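K.L.:
Starting off with a structure, shown below.
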Amino acid sequence: MAFLFKSSAERGTVWAGAFARLLPDMPFRTWPDVGDADDIRYLAAWTVTRDLLAGLPNLEVLFSVGAGVDQLDLSQVPPQVTVVRMVEPGLTDGMVQYATFATLALHREMLDYGQAQTDHRWAPRPLLPAGQRRVGVMGLGHLGTAVLAALRPFGFALRGWSRSGGDVEGVEIFAGSNALPAFLSGCDILICLLPLTNDTRGILCRNSFDLLPRGAGIINVGRGGHLVEQDLLDALDSGHLSGAVIDVLNTEPAAADHPFWSHPRILLTPHVASQTRDDSSAEVLIANIRRHQAGQALLGQVDRTRGY
Ligand code: GLV
7 MAFLFKSSAE RGTVWAGAFA RLLPDMPFRT WPDVGDADDI RYLAAWTVTR DLLAGLPNLE
67 VLFSVGAGVD QLDLSQVPPQ VTVVRMVEPG LTDGMVQYAT FATLALHREM LDYGQAQTDH
127 RWAPRPLLPA GQRRVGVMGL GHLGTAVLAA LRPFGFALRG WSRSGGDVEG VEIFAGSNAL
187 PAFLSGCDIL ICLLPLTNDT RGILCRNSFD LLPRGAGIIN VGRGGHLVEQ DLLDALDSGH
247 LSGAVIDVLN TEPAAADHPF WSHPRILLTP HVASQTRDDS SAEVLIANIR RHQAGQALLG
307 QVDRTRGY
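My numbering numbers the first residue of the sequence shown as 7 and each following residue consecutively.
So, in structure tokens, the structure goes:
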């Protein structure tokens, strides 16, 4: 029985050290040095190819090294293989920091003040109390609920939406596509933390923007595929939306002439909202392997029929 690692060399060094300390009986192999492929029961990777999977006949678990699994073509992964997304404290911390920063940046109108500074304009604006700002999170998984918990002490009026709903203290919950219009109509700031699936692709589009109150802002920390980029430009340019903080794009890296780079109402960052932290993720992964060996459910286990 062996573990195969296919990710960055730096992460490989940290993870190999953690395996040597915490799971010394599990051989740690680094792709492409697979060794005897029949030994490989566990694989951790960002992407896989059909050929790689075809060469691992005894694979039992495929771990994504990131929070999402949309980059994996699940139709190529044999049905008996358990697929697991990364749920680890480093990723959660990063997302909580970024989403809090972006929410406060929109709430405190930092896009306007940034422009005013560029123009050398001293232009104070009235300060809206947080309780009068409605912040909505789409996606009530591990990250979405952590972001809502972090925003709560500021006093924002919080709401959350997902396919199946949930129960988050201090948050008004909306569940399912029928509830989406009611949810959106009360979001002054909308944060997208959904998984990318066939149901959520393009969900940040003109129809959704039209349902948001005039002057709303959006934050996309999900996937570029959630956003119809031209619809965002149109909604900003018409004044219906007031600003956007965008961390993910359909095509990354962005081309030099991508319109988001220079749009005055968009703060664009290069997919850095959150990253898997090498040390904390190694511990979570090893704990998950132990769970698997004990026949227990895994943290972050993907429901392959749902795609997340
Ligand atoms: C980053 O986007 C991740 O999925 O971890």
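In this text, a Cβ means the ideal position worked out from N, Cα and C, and glycines have one as well. Being a predicted model, the structure only gives us computed values, none of them experimental.
1) Where do the N-terminal and C-terminal ends of the alpha helix (DSSP H) with VAL20 fall, by residue?
2) Quick one: give me the first and last residue of the beta strand (DSSP E) that LEU274 is part of.
3) Is ALA136 a contact residue of ligand 1, with contact defined as CB to any heavy atom under 6 Å?
4) Taking the beta carbon of THR56 as the centre, do at least 16 other beta carbons fall within 10 Å, making it buried, or is it exposed?
5) Could you have a look at PHE162 and say whether DSSP puts it in helix, strand or coil?
6) Counting only the same chain and skipping the five closest in sequence on each side, list residues whose C-beta sits under 6 Å from that of GLU178.
7) In whole angstroms, what separates the C-alpha of HIS298 from that of PHE9?
8) Within the present structure, is the beta-carbon of ALA43 separated from the nearest heavy atom of ligand 1 by less than 6 Å?
9) What do you reckon, is the C-beta of ALA51 under 6 Å from a heavy atom of ligand 1?
10) Quick check on SER170: buried or exposed, where buried means 16 or more other Cβ atoms within 10 Å of its Cβ?
11) Pairs of beta-carbons, one from the region 228-243 and one from the region 90-98, closer than 8 Å: are there three or more?
12) Could you give the residue range of the alpha helix (DSSP H) that holds ALA111?
13) Checking 7 Å against the spacing of the C-beta atoms, do MET7 and ARG47 come in under that value?
14) Is any non-hydrogen atom of ligand 1 found closer than 6 Å to the C-beta of ALA15, if you look at the structure I gave you?
15) Taking one C-beta from the region 70-86 and one from the region 37-53 each time, how about it: are there three or more such pairs within less than 8 Å?
16) For MET144, does the three-state DSSP call read helix, strand or coil?
17) Is it a yes or a no for the region 208-219 touching the region 182-200, going by three-plus beta-carbon pairs under 8 Å?
18) Pick helix, strand or coil for ASN294, following the three-state DSSP scheme.
19) Tell me whether ALA129 counts as near ligand 1, meaning its Cβ is closer than 6 Å to at least one heavy atom of that ligand.
20) Going by CA-CA distance only, name the one from LEU157, SER14, ASP118 that's closest to GLY137.
21) Tell me, which residues are paired with THR36 by DSSP?
22) For ligand 1, any of its heavy atoms closer than 6 Å to the Cβ of ALA73?
23) Could you pull out every unbroken beta strand (DSSP E) segment of at least 3 residues lying fully inside the region 28-87, listed in chain order?
24) In angstroms, rounded to a whole number, what distance separates the CA positions of LEU291 and LEU305?
25) In whole angstroms, what is the alpha-carbon distance linking VAL153 and ASP42?
26) Nearest to PHE162 by alpha carbon, out of VAL141, SER214, ASP31, ALA60?
27) Look up GLN307 in the DSSP assignment and say whether it is helix, strand or coil.
28) In chain order, what residues of the same chain lie with their CB nearer than 8 Å to the CB of PRO270, ignoring the 5 residues before and after it?
29) Assuming ALA222 is part of the beta strand (DSSP E), what are its boundary residues?
P.N.:
The structure says:
1) 15-28
2) 272-274
3) no
4) Note that residue 56 corresponds to Arg in the displayed sequence, not to Thr. Exposed: under 16 other Cβ atoms inside 10 Å.
5) coil
6) ARG165
7) 13 Å
8) no
9) no
10) exposed
11) no
12) 95-113
13) yes
14) no
15) yes
16) strand
17) yes
18) helix
19) no
20) LEU157
21) PHE11
22) yes
23) 34-36, 46-51, 67-70
24) 9 Å
25) 43 Å
26) VAL141
27) strand
28) LEU117, GLN121
29) 222-226
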